[in-house]
Each structure stands twice: as C-alpha cells, then as structure tokens.
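The next block holds one structure in the form of structure tokens; read it before the comments.
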Amino acid sequence: MATPVIDGSRRTPVRREPGARRRRRGWAAWGFALPFTVLFAVFLVLPVVSSLYMSFTDMRGADLRDPLAVEFVGFDNFATVLADDKFRQAIGNTIYFVGVAMPLTLALALFLAALLNSGLVWFRSVFRVGFYAPFVTSIVAVAVVWRFLLQPEFGAVNSMLGLVGIDGPNWLTDTTWAMPALIVMATWRNVGYYVIILLAGLQGIPRDLYEAASLDGAGAVKKFRSITVPLLRPTLLFCAVIMGIGYLQFFEEPFVMTQGGPLGATTSVAYEIFNQFGFGKYGVAAAMSYLLFIAIVVLSLVQFRLLRSKA
Amino acid sequence: MQTSRLAVATASALALVLTLTACGRDDEDGGAAAAPADSISEGPATGTVEVWAMGTEGELLPELAAQFEADNPDVTVNVTPVPWESSTEKINTAIATGEVPDVMQVGTTLMSGFVELGGLAPTPEEIDSAAFFPGAWDTTVVDGTSYGVPWYVETRVLYYRSDLAEEAGVEAPETWEDLTAFATGMQEAGAEHGIALQTTGNDTNLAYFPFFWQAGGEIMNEDGTEFTLGSDAQVAALEYYSSFMLDGLAPSPLVEDEKVQDFIEGELGAFVSGPWERANLLTTAGEEFADSFDVTALPAGEQPGSFIGGSNLAVLQDAENPEAAWKFVQFAVDPAVQVEWFGISNDLPSVEAAWDDPALADNEAVAVFGTALETARSTPAIPTWGEVGHELDLILEQVIAGTTTPEEGAAQMQDAAAAIGTGLS
Numbered sequence: 001m002a003t004p005v006i007d008g009s010r011r012t013p014v015r016r017e018p019g020a021r022r023r024r025r026g027w028a029a030w031g032f033a034l035p036f037t038v039l040f041a042v043f044l045v046l047p048v049v050s051s052l053y054m055s056f057t058d059m060r061g062a063d064l065r066d067p068l069a070v071e072f073v074g075f076d077n078f079a080t081v082l083a084d085d086k087f088r089q090a091i092g093n094t095i096y097f098v099g100v101a102m103p104l105t106l107a108l109a110l111f112l113a114a115l116l117n118s119g120l121v122w123f124r125s126v127f128r129v130g131f132y133a134p135f136v137t138s139i140v141a142v143a144v145v146w147r148f149l150l151q152p153e154f155g156a157v158n159s160m161l162g163l164v165g166i167d168g169p170n171w172l173t174d175t176t177w178a179m180p181a182l183i184v185m186a187t188w189r190n191v192g193y194y195v196i197i198l199l200a201g202l203q204g205i206p207r208d209l210y211e212a213a214s215l216d217g218a219g220a221v222k223k224f225r226s227i228t229v230p231l232l233r234p235t236l237l238f239c240a241v242i243m244g245i246g247y248l249q250f251f252e253e254p255f256v257m258t259q260g261g262p263l264g265a266t267t268s269v270a271y272e273i274f275n276q277f278g279f280g281k282y283g284v285a286a287a288m289s290y291l292l293f294i295a296i297v298v299l300s301l302v303q304f305r306l307l308r309s310k311a
Numbered sequence: 001m002q003t004s005r006l007a008v009a010t011a012s013a014l015a016l017v018l019t020l021t022a023c024g025r026d027d028e029d030g031g032a033a034a035a036p037a038d039s040i041s042e043g044p045a046t047g048t049v050e051v052w053a054m055g056t057e058g059e060l061l062p063e064l065a066a067q068f069e070a071d072n073p074d075v076t077v078n079v080t081p082v083p084w085e086s087s088t089e090k091i092n093t094a095i096a097t098g099e100v101p102d103v104m105q106v107g108t109t110l111m112s113g114f115v116e117l118g119g120l121a122p123t124p125e126e127i128d129s130a131a132f133f134p135g136a137w138d139t140t141v142v143d144g145t146s147y148g149v150p151w152y153v154e155t156r157v158l159y160y161r162s163d164l165a166e167e168a169g170v171e172a173p174e175t176w177e178d179l180t181a182f183a184t185g186m187q188e189a190g191a192e193h194g195i196a197l198q199t200t201g202n203d204t205n206l207a208y209f210p211f212f213w214q215a216g217g218e219i220m221n222e223d224g225t226e227f228t229l230g231s232d233a234q235v236a237a238l239e240y241y242s243s244f245m246l247d248g249l250a251p252s253p254l255v256e257d258e259k260v261q262d263f264i265e266g267e268l269g270a271f272v273s274g275p276w277e278r279a280n281l282l283t284t285a286g287e288e289f290a291d292s293f294d295v296t297a298l299p300a301g302e303q304p305g306s307f308i309g310g311s312n313l314a315v316l317q318d319a320e321n322p323e324a325a326w327k328f329v330q331f332a333v334d335p336a337v338q339v340e341w342f343g344i345s346n347d348l349p350s351v352e353a354a355w356d357d358p359a360l361a362d363n364e365a366v367a368v369f370g371t372a373l374e375t376a377r378s379t380p381a382i383p384t385w386g387e388v389g390h391e392l393d394l395i396l397e398q399v400i401a402g403t404t405t406p407e408e409g410a411a412q413m414q415d416a417a418a419a420i421g422t423g424l425s
C-alpha cells in the first residue's frame, strides 16, 4: 500500500508523484529485490509448492522423466497413509522416542550446564569440549562404536552389567530394548549442543540475584526454581523447539543401528518416509512428509505456549 | 488489499494445479514401451565410450578398457567409478535429465527400476542369450524384453568348518535332512551354534528364497502377472528355515557383526555367504585358516536352488555412441575376456563357456560356485520388488521369531505382495 509522503515542516500534503514516475520507482525497487526474489522462488517456493502438489498425485519414481504426466488423486495418499498399520506403528515409535528422549535430553543438559556453571570451574573447557564432541562426530563413526558397546556377548555395556550379576539383553535385536538403547544413544549424541546453549543462558543470569536470594535465606532448590528457571525460559524455549524439530525427524540412529527393526520397533516416521521414497512411491512419501511437517508445527506451537516468557 | 492478494495467490495456485491436472497420465504405458533394438555392426569401434561402474568394478575396469582400446585404436573409453551407495539416485537423475553415460553397470536387482524409467536400451539380437547362465539372463528381462547383458555373477554357498565336521563325523550336506543333522553334529562337536542364517534386516528375503526354490516354490506365475507366494512350498520352506532358529541350531536373532568372528573361533559351525567371503576370512584369520573350512553348495530340497546376484552391463537409451557402446559390451562378455576379468577382479564369469577355462575349472573352491550357478535364480525383475521384498523381510522376521506360524506367514506374504502389485501394466 503506497502511503502519501508527508512533509512535516509545512504540514501540507505534498502532491502525489505522477503515476509514471511512481511506476518507474516500483520497477527499480523490484530490480534491486530481483536477485533474492528469483533465488527464493526457484530454490524455496518452487520445491515446496511442487512437493505439496506431489503429495496430492500418484507420482512414482518412474515418472521422473515426465513429472507432469501424473494423476491428481486429492487426499487419497493421506487416507492411505493414515490407514497404514506400519505408518501408525511409526507414529507410535516416534511419539515414544520424542516423549522420552526430549525431557531426558533437556533435563540432562540443564543438569550438566548447571554443574559447569557452578562447580566444575577448573576444567570447564575440557568438559565443554567433551560434551560437545559427540554432537560433531560423524554418525557413521558413532554407530561403529555404539554397536561394539551394545554387542550382546562381548560388548562393554553387557560386560559391565555382568559384573553386577545382570544378564544384559540383546540390545539392538530385542523389541523391548532396541528403542531405549537408541534413546540413550540419541541423548548422548545431542546433549552436548544443548549444554553449550544452556550454559550461555546460565552465564547471562546476573550473579547478584543469587546473592540477594541468599541474603533472603533462599536455598539452592528455591534459587533454582525462582531465579534460574524463569530467567532461563527463553533459552529453554529455544532448546525445546530446536530439539522438537530434530527429534521428530528421528532417523539416523535407527538407520545406522537397527534398520528400523526388530519387528518395526524402531521405525520412525522419517524412516518410513525414507523407505517409501526408496520404493519410488513419491506421492505417498510426500504426503507422509507433510503430515510430519504438521506435527512439527503443532509441537512447536505448544512449546511456545508453554514456555513463553511471562513478562 | 491483504485479502485480495491472497485471493490472487490462491487463484493462481489453483490455476497451476488445474493446468498440471490437465496433463494426466497417458493411457498407454510410457517409459516401459520397448523401442526397437539397435543392432551391432561389424568392424572396430570408434569415438568415445563413457562407462559408469560401481565399487571395485569401477576401480578395476580401466585395466579391461585399456585392452578394448588396444583392439580398437580409434576408440577412447572413459570409466567413471560410482559408489554403490549413491548409485541409484545418481543414475535416476542422469536418466531423468538425459545426461547419461553410454554404458552402465547395473546391479541385477536394480534393472526394472531403470527400465521403468525408460532409461535402458533393449539388447540387440547379436547377443546370444544361450551363452549365459539362465538365471543371470533372466535378470536382464523386464516384461518380456531384455535390456542388458549379464557381466559377472555371484551366488551364495555354505561355508563350514571342515575340522569340526570331521570331528562330528558329518559329511557336507546334500539334502534338507542332511543340513539339519549337519548343524546338530556341529553343535555336538563343540560349536555353540551349528549354522547361522539371516534373521532380520534388509534383504532377509534373499537369504531365505533359496530354500523356497528348493522346496519347489515359484515367486510368480508362468507369465509373471501374479504372485504365487502362498503355496505349500512356502509353508514348507518357512517351517524348515525357521526350524534352525526355533530349535536352537542357529542364533536367533543373528548378530551379523559377530558371525565371522564366531566362525573363526569355532563357536559357529557354518554360514551362508558369497564368493567374497573367502578372502575376508583369510584376511581376518590368517592364511592357515584355509585348512579349517570348506565350501559346499546349499542343500537340495525337492530340487537345488540358490540366489544369483552380480551385475549386468546396459546401454543407455539416450547414449551418444550406442554403436561403440554395444561393441564394448560384446567385448566384455567374450569368454576369453571374461576369464581375464576374473583374473583382474575375481568376479565370476556370467558366460558359461568361460568356466571351462582351467583358471576356473581347476579351482575346487570356485567350481562349487559354478555348479550352484547352473540352478541359481533371481527375484522377479518388477518395479515394485523393492517394496515387496521389504514386506517379506518383515514377515520373515516374525516367522523366525516364532510370533507368526509358517501357514499365517505364507498367507500374509501372498496378501502383502498382491496388495502392492507387480507395477507392470
């Protein structure tokens, strides 16, 4: 909407510019914005629109040469997907993973960050690097090591359990234990990143607040609940949203460790999408992707509601 | 203003959708329609031939290509190695955009996908199908037309601890009953498990299908239009395959990473693997381990049966130099060249005549594979096989775990495959 230019000093509205000149300026503006607009349209809008369109068609891998020669099938893909037992199992698995791994990672990250912020001052940088290292290590290398750790016979985990008389399960091939094993692995991999973020947040809280609280006789728990948590809220929100987005797309761990097994116990929604794309069912896979997208949006909205600053 | 802009956006999106919808599928099948095959002319090849090859083959092929260049002075062969992991996407993209090589190595189970995409050219008549192992030739045929030439093959045989077998007083198994007794004997001789069979994960079906074929089963009917997975042979084969795990003769579930180590330590009596395993065992356990193990063909049920794998050579539909490309393919499947290639790469020849050469015939361990290859077969070359195979893997896992009976499993396999369909019109 074009606003008339107001010249404040004379308090009288300036004559509108002649139409032609305004139009020319408009074109010039578009000219400046063009490089970005074109890139944005070609590399962001177009793929998003075409993948959305794809989810409403019966496109298969074989249509790649002629991607427009496909039938429009409306919401058929979405109906098929939601009625599919395997996809439902994948939804269940993903909820299980996010439901356990997210609070676990967040709590652990907060605990470690608090430790680093108060107690472990001397070796802080050593610990910081230690926690962060798994996050930047290639998942392939991580998988090799974890498979060794979790091996049923001579793996370190079961050997240690054996020392205290526990006969450890066959972690990755047991329907009950495969998911917990991956949850622990994912938590270990990701916690370092959130430790760093939360540590930064903690360091931003003024010391004098704690001192004042101490003078008022507040204990450690009280200080944590009444100072740390409220002031850390924006940081926690950031962590929760980023983690929600990442964890809902849970894929790498089952891909390298269990291939979604045993008996589909670790097949996540993202893994199922990967499978469907692999089978060349592009339409179905795109529909699944948009369902996952909606889930991510909903989770993020909920988190914003729960964790927004109550200022 | 805001609303009117939104309206415009909606209208144009709708218009876009309508335009796109307007160009729906043609009724006739598009890509898979067989174009007339090229023919291979006489005389030397000329020009440039671009070849894509995967994995080890991609690294070693230049040696063979140099010979072709020596025979045909006016030709240049450029070999591009492609990693197996990214090969499918890379080839799909190449075919979709038309920027393709002239010749390409294609894994036997990947043929139908590229054919469905319309990427591969039909095989000329000058290539004699009878020269190859029948199971290998079948992997080139999609919907009645051949789209490539078998290049090298592999099949799975039984690797077993010959020292343990001797101790137990059991011979290399020839029948199903033999194999059960063999595994039991191995266990009595001190192995923790008599045999290891794949129980979970991708391609469990490839480990299982040899037993289905041995029981007389067929994956599809004669003309390849319908699945026949719910047969009595399926029930018998599922019962037999799962019996090893359920009776404690084989680890359930099998941890693949521990298999070779257990075998070397004598904890495992036998397992099924391909030709590459020999070198793997000798590197891990040392050369002297060669005296402790042996290979034998998988046992026969009603009939012998094994899985044939390997790669084909295909010429692309959009190849710039199809003439020289086919000449290169023809060269690669010449019996003498196949023996040469075996020397370079250890890849087993797909051409039966090459097996008469002493380099292969006099090598006992290799000859076992030759016998197995005569009756070895592959899974159907249909575009949906990847998905069907995945479903079968999941059902097999349940039968092996004992949560589904063989009868239920057979019925589920048929239902699952029928629901997916063949993908051919």
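Here the protein sequences line up with chains A and B, keeping their order. Sequence positions in the first sequence follow my numbering and run 1 to 311. Sequence positions in the second sequence follow my numbering and run 1 to 425. Even glycine gets a Cβ: it sits at the ideal position worked out from N, Cα and C.
- Of A:V195, A:V70 and A:F251, the smallest CA-CA separation from I139 (chain A) is found for A:F251.
- The beta carbon of V339 (chain B) lies closer than 6 Å to those of A354, D357 and A359 in the same chain, with the five residues before and after it left out.
- With 16 or more other Cβ atoms inside 10 Å of its own Cβ, G280 (chain A) counts as buried.
- The beta-carbon separation of T88 (chain B) and S378 (chain B), rounded to 17 Å, does not stay under the 8 Å limit for a contact.
- Residues of the stretch 350-367 of chain B that bring their beta carbon within less than 8 Å of a beta carbon in chain A are absent altogether.
- With fewer than 16 other Cβ atoms inside 10 Å of its own Cβ, L163 (chain A) counts as exposed.
- Contacts between D415 (chain B) and chain A, judged by CB atoms closer than 8 Å, are missing: the closest CB pair is about 13 Å apart.
- Here M111 (chain B) has L120, T139, T140, V142, Y147, G148, N312, A314 and A381 as same chain residues with Cβ atoms under 8 Å from its own Cβ, once five neighbours each way along the sequence are excluded.
- Under the DSSP assignment, V366 (chain B) falls in the alpha helix (DSSP H) whose first and last residues are E364 to T375.
- With a cut-off of 8 Å on Cβ pairs, the stretch 93-106 of chain B is not in contact with the stretch 268-287 of chain B, counting fewer than three such pairs.
- S214 (chain A) counts as exposed, since fewer than 16 other C-beta atoms from the protein chains shown sit within 10 angstroms of its C-beta.
- Taking CB atoms only, A401 (chain B) has a neighbour in chain A less than 8 Å away.
- When the beta-carbon positions are compared, T422 (chain B) and T375 (chain B) stay at least 8 Å from each other.
- Straight-line measurement puts the Cα of F342 (chain B) at about 9 Å from the Cα of Y152 (chain B).
- In the DSSP assignment, P304 (chain B) falls outside any beta strand (DSSP E), carrying neither H nor E.
- Chain A places no beta carbon closer than 8 Å to that of A419 (chain B), leaving this residue out of the contacts.
- By the Cβ rule, the stretch 53-68 of chain A does not count as touching the stretch 251-266 of chain A, because fewer than three pairs are nearer than 8 Å.
- Bounds of the beta strand (DSSP E) holding T80 (chain B) are V75 to V82.
- By the Cβ criterion, the stretch 393-411 of chain B is in contact with the stretch 219-232 of chain B, since at least three pairs of Cβ atoms, one from each stretch, lie closer than 8 Å.
- S226 (chain A) carries a helical assignment under DSSP once its states are collapsed to helix, strand and coil.
- Distance from the CA atom of V82 (chain B) to the CA atom of E59 (chain B), rounded to whole angstroms, is 9 Å.
- Taking a contact to require three or more Cβ pairs closer than 8 Å, the stretch 256-264 of chain B and the stretch 278-292 of chain B qualify as touching.
- When Cβ-Cβ separations below 8 Å define contact, E153 (chain A) makes contact with chain B.
- Identification of residues in the stretch 200-225 of chain B having a C-beta nearer than 7 Å to some C-beta of chain A yields T200, G201 and N202, given in sequence order.
- Here A361 (chain B) has W355 and A367 as same chain residues with Cβ atoms under 7 Å from its own Cβ, once five neighbours each way along the sequence are excluded.
- The stretch 77-91 of chain A makes no contact with the stretch 196-210 of chain A: fewer than 3 CB pairs, one atom from each, lie closer than 8 Å.
- DSSP links D294 (chain B) through a beta bridge to B:Y160.
- Inter-residue distance for T228 (chain A) and V45 (chain A) is about 41 Å (C-alpha atoms, whole angstroms).
- Within the stretch 50-72 of chain A, those residues whose Cβ lies closer than 7 Å to any Cβ of chain B are, in chain order, Y53, G61, A62, L64, R65, D66, L68, A69, V70, E71 and F72.
- Under DSSP, W52 (chain B) shares a beta bridge with B:T80 and B:M104.
- Under the 8 Å criterion on CB atoms, G283 (chain A) is classed as non-interfacial with respect to chain B.
- Rounded to the nearest whole angstrom, the C-alpha separation of Y271 (chain A) and V115 (chain B) is 26 Å.
- A direct Cα-Cα distance of roughly 30 Å separates P62 (chain B) from E287 (chain B).
- What G148 (chain B) touches in chain A, judged by beta-carbon distance under 7 Å, is nothing: the nearest beta carbon there is about 17 Å away.
- For D178 (chain B), same chain residues with a beta-carbon under 7 Å away, outside a window of 5 residues either side, are P299 in chain order.
- For W122 (chain A), the number of other beta carbons within 10 angstroms of its own is below 16, and it is reported as exposed.
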